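**Student:** This is the structure, below, for whatever I ask next.
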Amino acid sequence: MESVNQVMEPVSKTAQWTAAARAVESERPDHIFDDPYARLVAGETGFELLERYAGSAVVPFVLVRTRYMDDAIVRTVQERGIRQVVLVAAGMDMRAVRLTWPEGVTLFQLDRPALLETKAALLAENPPRQGTGAVSQSHSVPVDLASGWQDELHAAGFDPGQPTLWVAEGLFFFLPEDVVRDLLGSLRELSAPGSVLIGDMTSRATLHNPLAKGFMRVLMEDGNPWLFGTDEPEEFLESCGWVTEQLLQPGEEGADFDRWPHPVPPRSMPNVPRSFLFTAGVKPA
Numbered sequence: 007m008e009s010v011n012q013v014m015e016p017v018s019k020t021a022q023w024t025a026a027a028r029a030v031e032s033e034r035p036d037h038i039f040d041d042p043y044a045r046l047v048a049g050e051t052g053f054e055l056l057e058r059y060a061g062s063a064v065v066p067f068v069l070v071r072t073r074y075m076d077d078a079i080v081r082t083v084q085e086r087g088i089r090q091v092v093l094v095a096a097g098m099d100m101r102a103v104r105l106t107w108p109e110g111v112t113l114f115q116l117d118r119p120a121l122l123e124t125k126a127a128l129l130a131e132n133p134p135r136q137g138t139g140a141v142s143q144s145h146s147v148p149v150d151l152a153s154g155w156q157d158e159l160h161a162a163g164f165d166p167g168q169p170t171l172w173v174a175e176g177l178f179f180f181l182p183e184d185v186v187r188d189l190l191g192s193l194r195e196l197s198a199p200g201s202v203l204i205g206d207m208t209s210r211a212t213l214h215n216p217l218a219k220g221f222m223r224v225l226m227e228d229g230n231p232w233l234f235g236t237d238e239p240e241e242f243l244e245s246c247g248w249v250t251e252q253l254l255q256p257g258e259e260g261a262d263f264d265r266w267p268h269p270v271p272p273r274s275m276p277n278v279p280r281s282f283l284f285t286a287g288v289k290p291a
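The structure is reproduced here in structure tokens:
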């Protein structure tokens, strides 16, 4: 197989950057999650970007986010009995094979064709180790999330009559606000009662804070600018058809895991850069 850097060339390097962060964490003796594929996926580029973005506070957020979402996904399918899961912009995280899934779960992974092809090739050459709780059925659905994608999801076997767990990790930062609204609205339209959305957002203050200017400039130079943030995530989600069940800032109880090194600003403090992790349910019609 070609080197990871060659294969990942058409794919956003963001996937390699976050994989490098997961690799470093997975190799700690006290790791808070285990992603055995992360170093393979990251390649040299991922670790170069990890160094380039050092000091931005994004790496601790990636670690906390990964663990929060792992826990929320497992808890949701176990406690609510949801058996249809859609990873929206699935990236290069290998949750399909590294999490323990109940019997009968069908997983749909939406992302760009080049990324999904790369992930499939990596898994083919490096099959899951014995004893993993791989998902019962997994379908890769190549799409462009900024345009029409619903037909492709339906064609892959998605059933809108079943409750769905939607997972949108590390996605909304990179989309214009109108696209975020359209995407969240589309997810709501496809959601049967009992469906759940797990995701993350940043604040509008993050995009404009002077302390973040250097990091934002580097992201722009690398072709991955952050375009969207909201200081009122609960209101924003509700306007798109979702009711927030849980919203945490990294460092709060349930979103710390001994990895968040910064104080947690109270929500009443205005104009402060923040990150949000949330679990939401469908808003009644």
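Numbering (the numbering used here), first residue to last: 7 to 291.
No residue lacks a Cβ here, since even glycine has one placed at the ideal position from N, Cα and C.
These numbers come from a predicted model, not from an experiment.
1. Between L151 and G205, what straight-line distance do the alpha-carbon atoms span, to the nearest angstrom?
2. CA-CA distance, R223 and R58?
3. With distances taken Cα to Cα, identify the nearest neighbour of N132 among V103, F284, P35, G257.
4. Within the 8 Å Cβ cut-off, does T212 reach chain B?
5. Taking 8 Å as the threshold (C-beta atoms), are R280 and P271 in contact?
6. What first and last residue would you give for the alpha helix (DSSP H) that runs through T236?
7. Can you check whether the CB of G167 is closer than 8 Å to the CB of A198?
8. Can L181 and L128 be called in contact, C-beta distance under 8 Å?
9. Determine whether the beta carbon atoms of F234 and F284 lie at a separation below 8 Å.
10. Over the uninterrupted alpha helix (DSSP H) stretch that includes T82, give me the two end residues.
11. Tell me where the alpha helix (DSSP H) around T24 begins and ends.
12. Could you name the residues of the same chain whose beta carbon sits closer than 6 Å to that of R52, not counting the 5 residues immediately before and after it, in chain order?
13. Identify which residue in L243, M75, I79 has its Cα closest to the Cα of D188.
14. Near V186, which residues of its chain fall below 6 Å by C-beta distance, leaving aside the five closest residues on each side in sequence?
15. May I have the straight-line CA-CA distance separating A140 from V111, to the nearest angstrom?
16. Please classify L93 as buried or exposed, where buried requires at least 16 neighbouring CB atoms within 10 angstroms.
17. When you compare only the Cα positions, how much space is there between V173 and L203?
18. Please go through the same chain and pick out, in chain order, the residues whose beta-carbon is closer than 6 Å to the beta-carbon of S144, but skip the five residues on each side of it.
19. Beta-carbon within less than 7 Å of E109's beta-carbon, same chain only, minus the 5 sequence neighbours each way: which residues are those?
**Tutor:** Judging by the given coordinates:
1. Cα to Cα, the separation comes out at about 15 Å.
2. So the two alpha carbons sit approximately 12 Å from each other.
3. When only C-alpha atoms are compared, the closest one is V103.
4. Here there is only one protein chain, and chain B is not present.
5. Yes, Cβ-Cβ distance for P271 and R280 is below 8 Å.
6. That residue, T236, is in no alpha helix (DSSP H); it is neither H nor E in DSSP.
7. Closer than 8 Å, so yes.
8. No, Cβ-Cβ distance for L181 and L128 is not below 8 Å.
9. Contact flag unset, no.
10. First-last of the alpha helix (DSSP H) with T82: 64-85.
11. Where T24 is concerned, the enclosing alpha helix (DSSP H) stretches over 20-32.
12. Inspection of the sequence shows that residue 52 is occupied by Gly rather than by Arg. Residues Q22, W23, A25, A26 of the same chain have their beta carbon placed closer than 6 Å to that of G52, with the five preceding and five following residues left out of the count.
13. Selected option, being the one with the closest Cα: L243.
14. Around V186: F178, F234.
15. So the two alpha carbons sit approximately 10 Å from each other.
16. Classification for L93: buried.
17. Spanning the two alpha carbons is a distance of roughly 6 Å.
18. Residues A102, L113 of the same chain have their beta carbon placed closer than 6 Å to that of S144, with the five preceding and five following residues left out of the count.
19. For E109, the CB contacts under 7 Å within the same chain, skipping 5 residues up- and downstream, are S142 in chain order.
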